[in-house]
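These protein sequences, in sequence, are chains Y and U. Counting along the first sequence from 1, when you hit position 29 you're at 10 in our numbering, and nothing is skipped either side. Just add 3 to wherever you are in the second sequence, counting from 1, and you've got our numbering.
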Amino acid sequence: RKEVEQDPGPFNVPEGATVAFNCTYSNSASQSFFWYRQDCRKEPKLLMSVYSSGNEDGRFTAQLNRASQYISLLIRDSKLSDSATYLCVVGYNTNAGKSTFGDGTTLTVKP
Amino acid sequence: DAGVTQSPTHLIKTRGQQVTLRCSPKSGHDTVSWYQQALGQGPQFIFQYYEEEERQRGNFPDRFSGHQFPNYSSELNVNALLLGDSALYLCASRETAGDGYTFGSGTRLTVV
C-alpha cells in the first residue's frame, strides 16, 4: 500500500462545477499536509497548506481528518484555468522529515 | 528574488554514464530535497539535506548520492545510469520545517 493515495481520476467537469478530491495517508505520525498543483511538464506549485481546523482560499477549501487519516480539496465554481494535476502531500515538521507525494489527480475543466 | 534554480534543464546521457545535477535553493531556505518524477506519477522522494548532511533518504539505491554546500546549494549525482533513471528530477527547498516546499523547474534526464 502506498503511503499517500489519491482518487484515481481523471475528473472531467464543466465550467462552474464543484469538484472534490480526497487523499488518504497511512502514517499517523504525519504532521504537515499540503495540496500542490502541477501543470503539464511543469514543476509542482504549492496551492495551499491544510490545517486541522480546515481552511479556505477563495474558491478552494481544504480539510483534514486526522482520525480517518485523509485530507480533501474542494474546488467551487471551476474555471478552465483550474485544469491541472492536483498532488496531495504529507510530511513532518522536522528538518529530518521527508514529504511524501501522492500520484496526483488530473482535473480537466471543459467549457 | 530568484526562486529555486536548477541546471541543466535538459540532459541526455548514455547508459552506464554518470551525471551531476545542480540546485540553488530559494534565498533564505536552508533545507533542500530531491525528487524523481516519472511520467504519470507523483514525485518520489530521493533524499533531503539540511546543514550539509543527508537527513532522510527514500528508497533509492546507493547509485544516487548528493551533497549540500555551505551556501545551501546542492548536487545530485547518479552513477551507472540505467534506462529507468530517465525522469524529471526536481529540487525543492523550504525555509522552516513544516513549511511547504518551493520547487525548481527541474532537470529532464533522458538515458539512452
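Quick reminder that beta carbons are idealized off the backbone N, C-alpha and C, glycines included. These numbers come from a predicted model, not from an experiment.
The count of Cβ pairs closer than 8 Å, one atom from the segment 42 to 54 of chain Y and one from the segment 9 to 18 of chain Y, reaches three, so the stretches are in contact. The alpha-carbon separation between Thr81(Y) and Phe67(U) amounts to approximately 18 Å.
Residues of the segment 26 to 45 of chain Y with a Cβ closer than 8 Å to any Cβ of chain U, in chain order: Lys26, Leu27, Ser30. Rounded to whole angstroms, the separation of the alpha carbons of Gln39(U) and Ser96(U) is 15 Å.
Counting along the chain, Leu93(U) sits inside the beta strand (DSSP E) bounded by residues 90 to 97.
DSSP lists Thr5(Y) as the bridge partner or partners of Glu(-14)(Y). With a threshold of 16 other beta carbon atoms within 10 Å, Gln9(U) meets it and is buried.
Residue-level contact by beta carbon fails for Ser27(U) and chain Y, as no gap is shorter than 7 Å.
Taking 9 Å as the cut-off between beta carbons, the residues of the segment 58 to 74 of chain Y near chain U are Thr66, Leu68, Cys69, Val70, Gly72, Tyr73, Asn74, in sequence order. The alpha-carbon separation between Ser89(U) and Ser62(Y) amounts to approximately 29 Å. In the structure shown, Ser27(U) adopts extended strand secondary structure according to DSSP, grouped into three states. When secondary structure is reduced to three states using DSSP, Asp63(Y) falls in the helix class. Going by C-alpha positions, Pro28(U) is about 8 Å away from Ser77(U).
Annotation: Cβ neighbours of Phe48(U) in chain Y (cutoff 9 Å, chain order): Lys79, Ser80, Thr81, Phe82. Inter-residue distance for Lys16(U) and Gly85(Y) is about 28 Å (C-alpha atoms, whole angstroms).
Of the residues Gly109(U), Phe63(U), Gly101(U), Tyr104(U), the one whose Cα lies closest to the Cα of Leu84(U) is Phe63(U). Across the structure, Asn(-7)(Y) and Ser64(Y) are spaced so that their CA atoms are roughly 9 Å apart.
Here the C-alpha atom of Gly(-3)(Y) lies approximately 20 Å from the C-alpha atom of Asn3(Y). Of the residues assessed, Gly69(U) falls on the buried side of the cut-off, its CB having 16 or more other CB atoms within 10 angstroms.
Within 8 Å of the CB of Phe15(Y), the CB atoms of chain U belong to Gly103, in sequence order along the chain. For Arg60(U), the beta-bridge partners assigned by DSSP are Phe50(U).
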